[in-house]
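Please read the structure below before turning to the comments.
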Amino acid sequence: AQSVTQPDIHITVSEGASLELRCNYSYGATPYLFWYVQSPGQGLQLLLKYFSGDTLVQGIKGFEAEFKRSQSSFNLRKPSVHWSDAAEYFCAVGARQLTFGSGTQLTVLP
Amino acid sequence: DVKVTQSSRYLVKRTGEKVFLECVQDMDHENMFWYRQDPGLGLRLIYFSYDVKMKEKGDIPEGYSVSREKKERFSLILESASTNQTSMYLCASSPNLGLAYEQYFGPGTRLTVT
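Here the protein sequences line up with chains L and P, keeping their order. Its first residue numbered 701, the first sequence is counted upward by one per residue in the working numbering. Its first residue numbered 149, the second sequence is counted upward by one per residue in the working numbering.
Below you can see the structure in the form of structure tokens.
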């Protein structure tokens, strides 16, 4: 069975600081991995995805993620956080059917 | 741009009522999904459909049913709403392209059952 763990329920960073959100997965074959962002009261928007190839994936809004097979991880990073990045972030694994983590709520301090 | 629309952003219903949540996508996607989202639990899959008139149970189908009479429309039905079905409901769709499928989400329906 596939599963996703996001160990951090809530993270607070200052504007301009770097960010790393953790994601660990369990999947029986080659994983297809996704990061989504949800702003308050909105649906989910895709930030980036990993299907194959280069293990460092670039996404929208300056985000990137690195796939590490040996650690079963797909951590999301951003070098400098903006106040507008405050949102909830979800990691997901799967192909036709996705399994989502429980989410990490990001607060950005001015 | 892919657009997934949901019939209501907010809905308040009484216990025992029959509730219909509608979802429409405009990109001719084969796959459609219904999730519920609760704090600390992430998104949990209720039902999904890979084709018209086809449906499959997800992880938490109890108390729900679905209907897909047309490719673009996927309805979630609460036969007799209960207070524990108060939640945010998200619809998503995805195309059949290769082995992995990016899902596109609607804005969600926040349902309150009193």
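Backbone N, C-alpha and C define an ideal beta-carbon position, used for all residues, glycine too.
Problem set entry | Same chain, Cβ closer than 6 Å to residue 718 of chain L, neighbours up to 5 away in sequence not counted | 779
For this session: With 9 Å as the limit, tell me which residues of the stretch 162 to 185 of chain P have their beta carbon closer than that to any beta carbon of chain L; keep them in chain order.
Result: 179, 181, 183, 185
Exercise. Does residue 138 of chain P come within less than 7 Å of chain L when only Cβ atoms are used?
Worked result: Because residue 138 of chain P is not part of the residues shown, which for chain P are 149 to 262, the question remains open.
For this session: Measure the CB-CB distance between residue 737 of chain L and residue 799 of chain L and report whether it falls below 7 Å.
Result: no
Problem set entry | Bridge partners - residue 193 of chain P, DSSP secondary structure assignment | P/183
Exercise. So which residues of chain L does residue 251 of chain P contact, with C-beta pairs closer than 9 Å?
Worked result: 734, 736, 744, 746, 792, 798
Exercise. So residue 736 of chain L is in the beta strand (DSSP E); what residue range does that whole segment cover?
Worked result: 733 to 738
Exercise. According to DSSP, is residue 205 of chain P helix, strand or coil?
Worked result: strand
Exercise. Cβ of residue 794 of chain L within 7 Å of Cβ of residue 254 of chain P?
Worked result: no
Exercise. How many angstroms separate the CA atom of residue 159 of chain P from the CA atom of residue 166 of chain P?
Worked result: 12 Å
Exercise. Around the C-beta of residue 807 of chain L, are 16 or more other C-beta atoms found within 10 angstroms, so that it is buried, or is it exposed?
Worked result: exposed
Exercise. Anyone know if the C-beta pair for residue 825 of chain L and residue 732 of chain L falls short of 7 Å?
Worked result: This structure gives no information on residue 825 of chain L, because the portion of chain L shown stretches from 701 to 810.
For this session: Spell out a yes or no on whether the stretch 168 to 176 of chain P and the stretch 201 to 221 of chain P are touching, meaning 3 or more CB-CB pairs, one atom from each, closer than 8 Å.
Result: yes
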